[in-house]
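**Q** Adding 21 to a residue's 1-based position in the sequence shown gives its number in my numbering.
Ideal Cβ placement from N, Cα and C applies to all residues, glycine included.
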Amino acid sequence: DLLRIVKRDVLWFAGLGGLGLGTFHLLWNFGVGINGVAVSTVQQAIMPIILAIAARFAFKESLNKYKIFAIILTFGGAIFLSGLLKQTNGELNVSGILVGFAIPLTYAMFNLFSKKITGRYHPLTILAYGFGFGALTLLPIQLFLPQSVSPPLSSFFLLGGLVVISTVLPFLLYTFLLRGLDVSVAGILSMAEIPIAFFYAFIVFDEMFTFYQWIGTALIIMGIGLFLRHKVQEKQGNTH
């Protein structure tokens, strides 16, 4: 029963998997290679802006002053945290700009398509078809890439961790999250991954935070806190 879907929803699942998962991960890797991690992180942080505007028209979600201010805080924090303000040399090429715009656009597609079907299907159903269409999107590209004849055994463990722990599990939890929150709110909350990533880098790789990164972390936490505070006040107002 979990694999049963309605025909009219096939296009939504195809868009979710093909654009929101397969194409997004492809563009993200291209973006890191072309623009670097710092620039790509900022470009990905634009996603809530696209998401909030798109959700306003697609799902009639409100775009009030609290959401706008939280988006500004979160995006500003992402700029500080990425270290982009310290980069003074080099220019982005045309391909880098195009890929950079496509990264948050495809990332937002996962949220929009998921929100459209999340009330009708179990999250496992959404992810099963989503990753299935994502795999079909990436499969033709593999035909043009050099393949390793005998990869070491350790690479399979690393790949398994990348697939299960870093990809499937987070997207599964995020899909559950979309059932109870506005899609734009969920997009903002997902930006918490940026300071969390820096925390892991500090613990595991002994990387030190800079002054700009501390400012960025504070701005992101403020943005998320503003959203949560406003959300609690909305629920309390609806109960009275």
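With a threshold of 6 Å on Cβ separation, who are the neighbours of S61 within its own chain once the five nearest residues in sequence on each side are excluded?
**A** Taking the sequence shown and counting its residues from 1, one reaches residue 61 at position 40. The residues are G52, V53.
**Q** Would you check if the segment 83 to 101 and the segment 227 to 247 touch, i.e. whether three or more CB-CB distances between them fall below 8 Å?
**A** Cβ pair count under 8 Å is three or more, so yes.
**Q** Kindly indicate which residue of V27, L42, I217, L47 has the alpha-carbon position closest to the one of Q163.
**A** Within the sequence shown, numbered from 1, the residue matching residue 163 stands at position 142. Checking every option, the nearest Cα to that of Q163 belongs to L47.
**Q** Use the C-beta contact count for P173: other C-beta atoms within 10 angstroms, 16 or more gives buried, fewer gives exposed.
**A** Counting from 1 along the sequence shown, the entry for residue 173 is found at position 152. It is exposed - the Cβ of P173 has fewer than 16 other Cβ atoms within 10 Å.
**Q** Comparing alpha-carbon positions, which option in F192, I100, F131, G246 lies nearest L32?
**A** Translated into positions along the sequence shown, residue 32 becomes position 11. The candidate whose alpha carbon is nearest that of L32 is F131.
**Q** Buried or exposed: which applies to V120, given that a residue is buried once 16 or more other Cβ atoms fall within 10 Å of its Cβ?
**A** As a first step, residue 120 is located in the sequence shown; it is residue number 99 there, counting from the start. Its Cβ being crowded by 16 or more others within 10 Å, V120 is buried.
**Q** Does the distance from the C-beta atom of P144 to that of L190 stay below 7 Å?
**A** Numbered from 1 along the sequence shown, position 123 holds the residue referred to as residue 144. Numbered from 1 along the sequence shown, position 169 holds the residue referred to as residue 190. Cβ atoms of P144 and L190: not closer than 7 Å.
**Q** Beta-carbon within less than 6 Å of T146's beta-carbon, same chain only, minus the 5 sequence neighbours each way: which residues are those?
**A** Residue numbering aside, residue 146 sits at position 125 when the sequence shown is read from its first letter. These residues qualify, in order along the chain: L23.
**Q** Could you give the distance in angstroms between the alpha-carbon of S176 and the alpha-carbon of W49?
**A** As a position in the sequence shown, residue 176 is number 155, starting the count at 1. As a position in the sequence shown, residue 49 is number 28, starting the count at 1. Distance between the alpha carbons of S176 and W49: 21 Å.
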